[in-house]
Amino acid sequence: MDDELRTVVTRVHSGEEPAFDELYHLTVRQLYKTLYTYLLIREDVEDVVQEAYLKLYQVRRKLDDTRSVPVYLRTIAINCARRKLRRSHPITAPLEEDDASDTELVKGVVREALQQISPADRLVMGLFYGDQASIQDICRMTGEKEGTVKSRLSRARERLREVIDHGT
Amino acid sequence: MEHDDTEYTDMLNDELRDIEPDAGLHSKVRDRIARNVLRVCRRNTALGAVAVAIVLTIGLSTVTPVFGRNGTLPQVIAAMAAERQAEKMSKTLGTGPVQQTGTALQTSVATVQAVSDSALSETDGILALVISERANKPVADVLTMRTDGLGWGLIMTQLDVSGRDVGEAMSQAEEVAVASSPSAASRGQETSSKPAVSNSDGDKIVVSGEITGVSTNSITVEGKTFAIVVETQLKYHGKPVTPAKITVELSAGKLYATVQGTKLSETTFRANLIVVQDMLGETQQEQEREQSQEHANGIQQQIRGNVTFVSSALLQISGFVPGIVLNVDTKVEQVGAGKSTVADIKVGQTVQVHVSLTWTTYTATQVHIEDKYVKLDTPSDEKIGDQGNQPVSNEQQARGKVTAVTAMMLRIDGYAHDVVLTGSSKVEQAGAGKSTVADIKVGQTVQVHVSLTGTMYTATQVHIEDKYVKPDKEANEQPTDISVTTWQGTIFGVFVQPGVNSASEQTIGVVVLTASGQQPTLYWILPTSVVQDASSHTLTLAALQTLQGTAAQKVTIQGRLLADGTVDVVRIVLTTDTGANPGNGNGKH
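Protein chains in written order, with the numbering used here: chain V, 1 to 168; chain P, 1 to 589.
This is the structure we're talking about:
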C-alpha cells in the first residue's frame with residue numbers, strides 16, 4: 001500500500017492526470033470513514049470529501065513527501081469539516097436500526113454512544129482507532145497538543161463504555 | 001464487560017463497516033475539480049486581457065499624445081518631474097523665486113519682467129525661464145506655447161530640452177539664487193530687500209516692495225511712484241499714519257509697503273491704500289515662506305476668518321497677514337441673501353474667501369459671508385450724492401460694541417477712529433426700525449456705515465443690532481405694595497397740576513392729606529381715580545379743590561402705595577366723620 005501510494009504520488013507530482021484518480025481511490029475509503037465518525041451525516045461527509053480532494057488537486061504538483069500525503073489530506077479534510085460543523089445545525093443522526101439482530105443492536109448502541117460524544121472527541125477516537133493514526137499524527141492533523149489529544153481519547157473511551165455498559 | 005484498545009478498534013470498525021463512499025462520489029469530485037479548473041481558466045483569461053490592455057495602453061501612450069496637449073505619457077512624466085523641481089526651487093527660495101531664478105540664469109531684466117507680467121504661476125515662471133535658457137529661445141516663445149495650453153513635457157520635446165537639462169539648470173540656478181537671496185544677505189549684512197512684485201488687473205495695480213521715496217503727495221515703491229491724494233489711506237502697524245511720519249521712519253531704516261492703487265495712465269498711478277511694513281523679521285519671513293509653500297502647492301486657497309478691514313478694493317481677514325484684493329470678478333454671496341456685493345462685506349463678519357495667488361498678490365475670487373443677512377435701509381442715491389461724491393473706496397463699514405457715545409460722537413470697540421454723528425446719520429434698531437442717536441447705548445453691537453472725508457469719519461448709517469426692548473412701566477414703578485389700601489385723614493390741600501408725574505403715570509391733581517401727628521402725604525389723583533362726596537356722588541377736581549383748607553374735612557382714600565411713600569389714588573370719598581383716626585391700610589396714616 002505504502003509503495004503503491006508512493007508511486008502514485010510521484011506520478012501525480014509529475015503531472016500525470018490519471019494518477020490523481022488512483023490517489024483518490026487509494027485514500028478515499030479511510031478518509032470517508034474518519035469524516036463520518038466526525039460528522040455522522042453522509043451528505044456532509046461527501047461535501048467535505050469533494051472540497052478536500054479539490055484542494056489536494058490544486059496543490060498536486062507540490063506533493064513531494066509521499067509519506068505525508070495521507071496526513072496532509074486528513075488535515076485538509078478536518079479543516080473543511082470543522083468549517084462545515086460551524087455552519088451546520090447540531091448533529092442529529094437518525095437511528096435507523098431497529099432490527100432484532102444482536103450485532104445490529106450493538107451497532108445501534110455504538111452509534112448512540114458516538115452521538116453522545118462531542119465531535120472533537122469523536123474525531124480523535126476515529127483517527128486513533130479507525131485510522132490507526134499515531135498520537136503525533138493526530139496532533140499534526142488536528143493542531144492540538146498531545147495532552148489534549150490524549151484527554152479527548154480518554155474521555156471518548158469512557159463515554160463509549162458508559163453508554164454500552166449502562167445504556168446512558 | 002472489560003474493554004481494551006483492540007475491542008474499541010473492532011467496535012468502531014464494526015460500526016463503520018457499512019460506511020463506504022458512494023460510487024458516484026468520485027464523479028462528483030471530478031466534476032468539482034473540472035468546474036474549478038474552468039473558473040480559474042476564465043479568471044486568468046480576464047486578468048490576462050486586462051494586463052494586455054494596460055500594456056497596450058502604456059505602449060500606445062508612449063508614442064501617441066493620448067493626454068492631448070500634455071503629450072505622450074513620457075512627456076507627462078517629464079513635465080511632472082520638471083514641475084516638481086520647480087516647486088522645490090520655489091519653496092527653497094521663498095519670495096520672488098522668478099526674479100532670483102532669472103538673476104541666477106543671468107537673464108535680462110526684460111525677460112524676468114516678461115515672466116512676471118505673464119499670467120503664469122511662479123512654478124511655471126521658473127520653468128519657462130529654465131527651458132528658455134536651455135533651449136536658447138526667447139522666453140516669450142515659451143510663454144506663448146504655455147499660454148496656448150501645451151504641457152511642459154510637450155514644450156520640452158518641441159524645444160529639444162530633456163528632463164536632465166532642466167534638472168541641471170534648476171540645480172545651478174537654485175545654488176546661485178540661494179547664495180544671493182535676501183534672506184542670505186540679511187543673515188550676513190542685514191541689508192535684505194523684499195523683492196518687488198508688481199501685478200496689475202485692469203486699472204487696478206498692487207505693488208509690494210521697498211519704499212524708496214515718500215513725500216506728502218507721493219510714495220515710490222520699487223520704482224513705481226503713486227500719488228497720495230486725500231482719499232488715500234495710509235496705514236502703519238494697522239493704524240492711520242501720515243506721509244510725514246513715514247518719512248521720519250524711513251530715515252531710521254528701510255521700510256516696505258504694499259500699495260493698492262489705480263492706474264491713471266501708463267506711467268501715473270494713484271494710491272488708494274498703502275500698508276507700510278517694517279523690515280521683514282525672521283518670523284515674518286518664515287510665515288511668507290510657509291505661504292509661498294502653500295501657494296506652490298496650489299494657486300487656489302481658501303481662507304476663513306473675521307473681517308478686520310474692508311473697502312471696495314481690499315479685504316483683510318484676521319489670521320491672514322496679506323491684504324486680499326477685491327475686484328469686479330470677485331463673487332460675493334451671503335447666507336440668507338444669496339448673491340451679494342462687495343458692499344455687503346462688513347467688518348466683524350466671518351467670511352470664507354477663495355483666494356487666487358498670483359506672485360504675492362492674493363485676489364479674492366469668491367467671498368462667502370457666513371453671517372446671516374440682516375436687511376438694512378440703504379441710503380438713497382441722492383444721499384450718497386449729498387455726501388460729496390466720495391469715491392466708493394471711502395465708504396467703509398465698521399461693526400462692534402459701542403464703548404462710548406455722545407450726541408456727536410460714537411466710539412466702537414475694534415475700530416480705530418471715533419465716528420462723527422451728524423443730523424444726517426440715520427439710526428435704526430432691530431425690532432424698532434427708525435431710531436435716533438439717543439437710542440445708541442454703550443454696550444450695544446452696531447454696524448456703522450462710515451464715510452471718510454479727509455481724516456473725518458462720519459456715520460451715514462448706524463444699525464443697532466441689539467433688539468429694541470420696550471420699557472416696562474410696571475418694572476419702573478417698583479411698588480412696595482400693589483394691593484389697594486385705605487387711608488383716612490384731613491385734607492391739607494388740593495392742587496390741580498395736570499402733567500405732574502407720579503412715580504407711575506400722569507396725574508391730574510394732588511391731594512395732600514394729613515393725619516393727626518403725622519407728616520403730610522401726597523396722594524396722586526389720576527385720570528382713573530374716582531372722587532366722590534359722602535353720598536357717593538362724583539365730585540370734580542375743582543369741587544374737591546374748594547374744600548382745601550376746610551377745617552376738619554376728612555376723606556377716606558383707597559389707593560396703591562408707591563415705593564417713594566406717595567399714593568396713587570383709586571378712590572377718594574369725603575366723609576362726615578371728623579375724627580382724625582388713621583386709615584386701616586398699613587396704619588401709616
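Don't be surprised by glycine CBs; every beta carbon is placed ideally from N, CA and C.
(request) Taking A364/P as the reference, give the member of I317/P, T403/P and Q396/P with the closest Cα. (result) Indexing the second sequence from 1 puts residue 364/P at position 364. Of the candidates I317/P, T403/P and Q396/P, the residue whose Cα lies closest to the Cα of A364/P is I317/P.
(message) I need the straight-line Cα distance from T101/P to K331/P, nearest angstrom please.
(response) Along the second sequence, read from residue 1 onward, the residue named residue 101/P stands at position 101. Along the second sequence, read from residue 1 onward, the residue named residue 331/P stands at position 331. Rounded to whole angstroms, T101/P and K331/P show a C-alpha spacing of 35 Å.
(request) Kindly list, in the order they appear in chain V, the residues whose Cβ is closer than 7 Å to that of R32/P. (result) To locate residue 32/P, count along the second sequence from 1; it is residue 32. One finds Q50 and L54 in chain V with Cβ atoms closer than 7 Å to the Cβ of R32/P, taken in chain order.
(message) Residues in the same chain with beta-carbon distance under 7 Å from L60/P, minus the five sequence neighbours each way, listed in chain order, please.
(response) What you label residue 60/P is simply residue 60 of the second sequence in a count that begins at 1. Correct list, in chain order: V66.
(request) Report back the beta-carbon spacing between V49/V and Y32/V to the nearest angstrom; my notes put them in contact at under 8 Å. (result) For the purposes of this step, residue 49/V is taken as the residue at position 49 of the first sequence. For the purposes of this step, residue 32/V is taken as the residue at position 32 of the first sequence. Y32/V and V49/V do touch by the CB rule: their CB atoms are close to 6 Å apart, below 8 Å.
(request) Check G348/P in the structure and name its three-state DSSP category. (result) The residue you call residue 348/P lines up with position 348 of the second sequence. DSSP, reduced to helix, strand and coil, places G348/P outside both helices and strands of the structure shown, so it counts as coil.
(request) Answer with yes or no whether the minimum CB distance from K33/V to chain P is below 7 Å. (result) By 1-based counting over the first sequence, the position of residue 33/V is 33. For K33/V, the answer is yes, since a Cβ of chain P falls inside 7 Å of its Cβ.
(request) Can you have a look at I246/P and say buried or exposed, based on whether 16 or more other CB atoms are within 10 angstroms of its CB? (result) By 1-based counting over the second sequence, the position of residue 246/P is 246. Label assigned to I246/P: buried.
(request) Output the distance between the C-alpha atoms of I58/P and T72/P, rounded to the nearest integer angstrom. (result) Locating residue 58/P in the second sequence gives position 58, where the first residue counts as 1. Locating residue 72/P in the second sequence gives position 72, where the first residue counts as 1. Near 10 Å, if we compare the C-alpha coordinates of T72/P and I58/P.
(message) Between L23/V and V12/V, how many whole angstroms is the CB-CB distance? I'm expecting something under 8 Å.
(response) Counting from 1 along the first sequence, the entry for residue 23/V is found at position 23. Counting from 1 along the first sequence, the entry for residue 12/V is found at position 12. Beta-carbon to beta-carbon, L23/V and V12/V are separated by about 6 Å, close enough to satisfy the 8 Å threshold.
(request) Compute the Euclidean distance between the alpha carbons of D64/V and K150/V, then round it to the nearest angstrom. (result) Your numbering for residue 64/V matches position 64 in the first sequence. Your numbering for residue 150/V matches position 150 in the first sequence. Spanning the alpha carbons of D64/V and K150/V requires a straight line of approximately 30 Å.
(request) Could you pull the start and end residues of the alpha helix (DSSP H) that R140/V belongs to? (result) Residue 140/V sits at position 140 when you count from the first residue of the first sequence. For R140/V, the enclosing alpha helix (DSSP H) begins and ends at I135 to T142.
(message) Could you tell me which whole alpha helix (DSSP H) segments of length 4 or greater appear in the region 391-469 of chain P?
(response) Within the region 391-469 of chain P, no complete alpha helix (DSSP H) run reaches 4 residues.
(request) Just the chain P side, please: which residues come within less than 9 Å of V28/V by C-beta, in chain order? (result) Reading the first sequence from its first residue, position 28 is the one you call residue 28/V. Going along chain P in sequence order, the residues near V28/V (Cβ under 9 Å) are P21, L25, H26 and V29.
(request) Decide if E162/V is buried, meaning its Cβ has at least 16 other Cβ atoms within 10 Å, or exposed. (result) On the first sequence, residue 162/V is found 162 positions in, with the first residue counted as 1. By the beta-carbon neighbour count (other beta carbons within 10 angstroms, threshold 16), E162/V is exposed.
(message) Contact defined as beta carbons within less than 8 Å: I believe Q553/P pairs with L522/P. What is the distance between those atoms, to the nearest angstrom?
(response) Indexing the second sequence from 1 puts residue 553/P at position 553. Indexing the second sequence from 1 puts residue 522/P at position 522. Taking 8 Å as the upper bound for CB-CB distance, Q553/P and L522/P are not in contact here, some 17 Å apart.
(message) For a test of the three-state rule: what should DSSP assign to N272/P, helix, strand or coil?
(response) Working through the second sequence from its first residue, we reach residue 272/P at position 272. It is a strand residue.
(message) Does the region 32-45 of chain P come into contact with the region 122-136 of chain V, if we say contact requires no fewer than three beta-carbon pairs (one atom in each stretch) closer than 8 Å?
(response) Judged by pairs of C-beta atoms under 8 Å, the region 32-45 of chain P does not touch the region 122-136 of chain V, as fewer than three such pairs exist.
(request) Evaluate D148/P with the Cβ neighbour count: other Cβ atoms within 10 Å of its Cβ, from every protein chain shown; 16 or more gives buried, anything less gives exposed. (result) Taking the second sequence and counting its residues from 1, the one referred to as residue 148/P is at position 148. Counting the other CB atoms within 10 Å of its CB gives D148/P a total below 16, which places it among the exposed residues.
(message) Is the separation between the beta-carbon of Q397/P and that of K339/P shorter than 7 Å?
(response) Translated into the one-based positions of the second sequence, residue 397/P becomes position 397. Translated into the one-based positions of the second sequence, residue 339/P becomes position 339. No, Cβ-Cβ distance for Q397/P and K339/P is not below 7 Å.
(request) Using only alpha-carbon positions, find the residue among R399/P, V484/P, S251/P and Q488/P that is nearest to Q461/P. (result) Walking along the second sequence from the start, residue 461/P turns up at place 461. Nearest of R399/P, V484/P, S251/P and Q488/P to Q461/P, Cα basis: R399/P.
(request) Quick one: using the 10 Å Cβ neighbour count with 16 as the cut-off for buried, is K235/P buried or exposed? (result) In the second sequence, the residue the question calls residue 235/P occupies position 235. Burial call: buried.
(message) Can you tell me whether V98/P is buried or exposed? The criterion is at least 16 other CB atoms within 10 Å of its CB, across all chains shown.
(response) As a first step, residue 98/P is located in the second sequence; it is residue number 98 there, counting from the start. By the 10 Å Cβ count, V98/P comes out buried.
(request) Determine, using beta carbons only, whether P94/V comes closer than 7 Å to chain P. (result) Numbered from 1 along the first sequence, position 94 holds the residue referred to as residue 94/V. With a pLDDT of only 48 at P94/V, under the threshold of 50, the placement of this residue in the model should not be trusted; the figure read from the coordinates follows. Output row for P94/V: interface = no.
(request) With 8 Å as the C-beta to C-beta threshold (strictly closer), list the residues of the region 5-19 of chain P near chain V in chain order. (result) When CB distances to chain V are screened at a threshold of 8 Å, the residues of the region 5-19 of chain P falling below it are D5, Y8, T9, M11, L12, N13, D14, E15, L16 and I19, in chain order.
(request) Determine, using beta carbons only, whether E43/V comes closer than 7 Å to chain B. (result) Going by chain labels, chain B is absent from the structure shown, which instead holds the protein chains V and P.
(message) Alpha carbons only, please: which of S121/P, L526/P, E20/P and V402/P is nearest the one belonging to V446/P?
(response) For the purposes of this step, residue 446/P is identified with residue 446 of the second sequence, where counting begins at 1. Comparing Cα positions, the closest option is V402/P.
(message) Helix, strand or coil for V161/P? Go by DSSP, reduced to three states.
(response) Counting from 1 along the second sequence, the entry for residue 161/P is found at position 161. When DSSP states are grouped into helix, strand and coil, V161/P belongs to the coil group.
(request) Could you please give me the residues that DSSP links to A156/V through a beta bridge? (result) The residue you call residue 156/V lines up with position 156 of the first sequence. A156/V pairs with nothing; no bridge assigned.
(message) Please confirm whether Y57/V has its beta-carbon closer than 7 Å to some beta-carbon of chain P.
(response) Within the first sequence, residue 57/V is the residue found at index 57, counting from 1. Flagged as an interface residue toward chain P: Y57/V, by a C-beta distance shorter than 7 Å.
(message) Is Q300/P near the ligand MG - that is, is its Cβ less than 6 Å away from at least one heavy atom of it?
(response) This structure does not include the ligand MG; it has no bound ligands of any sort.
(request) Might you give, ordered along the chain, the residues of its own chain that have their beta carbon closer than 6 Å to the beta carbon of N70/P, omitting 5 neighbours on each side? (result) Indexing the second sequence from 1 puts residue 70/P at position 70. The answer, listed in chain order, is V76 and G151.
(request) Pull up the DSSP beta-bridge partners for D568/P, would you. (result) Residue mapping note: residue 568/P aligns to position 568 of the second sequence, counting from 1. D568/P is bridged by DSSP to W524/P and R560/P.
(request) Check K235/P in the structure and name its three-state DSSP category. (result) Within the second sequence, residue 235/P is the residue found at index 235, counting from 1. Reduced to three states, the DSSP call for K235/P is strand.
(request) Note down the Cα distance separating L56/P from V63/P, rounded to an integer number of angstroms. (result) Locating residue 56/P in the second sequence gives position 56, counting from the first residue. Locating residue 63/P in the second sequence gives position 63, counting from the first residue. So the two alpha carbons sit approximately 11 Å from each other.
(request) Name, please, each residue of chain V whose Cβ falls closer than 9 Å to the Cβ of N36/P. (result) For this step, residue 36/P is matched to residue 36 along the second sequence. Within chain V, the residues near N36/P are L54, Y57 and Q58.
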